[in-house]
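**Q** I'd like to ask some things about the structure below.
In our numbering, the protein residues as written are 5 to 161.
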């Protein structure tokens, strides 16, 4: 990475949750990578770009943005939501787009996700980095309520 640090924003509003409490072992055990999660309000929310960069992958339920410095961030909207085949999600950006932190990527119908029997928690994962390279924002570490766009974590080196 060519910068000292990269600030990653909360992609959705809600209560910050430590990654180990996410009800999916792939995320909870940081197999995909380190990060945290957000339990969103039970309403339709816009999931935003947590960093500026290229929208490398976009699915209705998940997206990856890679910063110019090479840091990738995965935002996964709910657990097992791939099974919904796009129901409850409206794409607002396309794969390959260059996005700015704060741009809306997907609208996410949280009540529809809950009604389908799935957990709407949103893991925010830093790809190809170790846990020691990230620092959760104080509000995240404390499990506080966040607004979309609040500082979520910082990635170093």
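For glycine and all other residues, C-beta sits at the position ideal for the given N, C-alpha and C.
The model shown is predicted, which means the values in this text are computed figures rather than measured ones.
If distances are taken between C-alpha atoms only, which option among 139, 16, 131 comes closest to residue 37?
**A** If we check each option's Cα against that of residue 37, 131 comes out closest.
**Q** Could you spell out where the alpha helix (DSSP H) holding residue 145 opens and where it closes?
**A** Unbroken alpha helix (DSSP H) run through residue 145: 142-145.
**Q** Determine contact between the stretch 71-88 and the stretch 129-149, defined as no fewer than three beta-carbon pairs at a distance below 8 Å.
**A** Yes, they touch.
**Q** Classify residue 132 as helix, strand or coil using the three-state DSSP reduction.
**A** Of the three classes helix, strand and coil, the one that applies to residue 132 here is coil, per DSSP.
**Q** Would you mind sorting residue 142 into buried or exposed? The rule is 16 or more other CB atoms within 10 Å of its CB.
**A** When all chains shown are included, residue 142 counts as exposed.
**Q** Per DSSP, residue 58 is paired with what?
**A** The partner list for residue 58 (beta bridge, DSSP) reads 70, 102.
**Q** Just tell me which of 34, 52, 29, 31 has its CA closest to the CA of residue 14.
**A** Here the closest residue by C-alpha is 52.
**Q** Would a C-beta distance cut-off of 8 Å place residue 69 and residue 55 closer than the cut-off?
**A** A contact, by the Cβ cut-off of 8 Å.
**Q** Quick check: the stretch 102-110 against the stretch 57-66, are at least 3 beta-carbon pairs closer than 8 Å?
**A** Yes, the stretch 57-66 is in contact with the stretch 102-110.
**Q** In this structure, does DSSP put residue 109 in helix, strand or coil?
**A** DSSP places residue 109 in strand when its eight states are reduced to three.
**Q** Measuring straight from C-alpha to C-alpha, what distance separates residue 101 and residue 67?
**A** Whole-angstrom Cα-Cα distance: 12 Å.
**Q** From 33, 95, 97, 96, pick the residue whose C-alpha is nearest to that of residue 134; which is it?
**A** Nearest option by C-alpha distance: 33.
**Q** When we look at the beta-carbon of residue 85 and count the other beta-carbons within 10 Å, is it buried (16 or more) or exposed?
**A** Label assigned to residue 85: buried.
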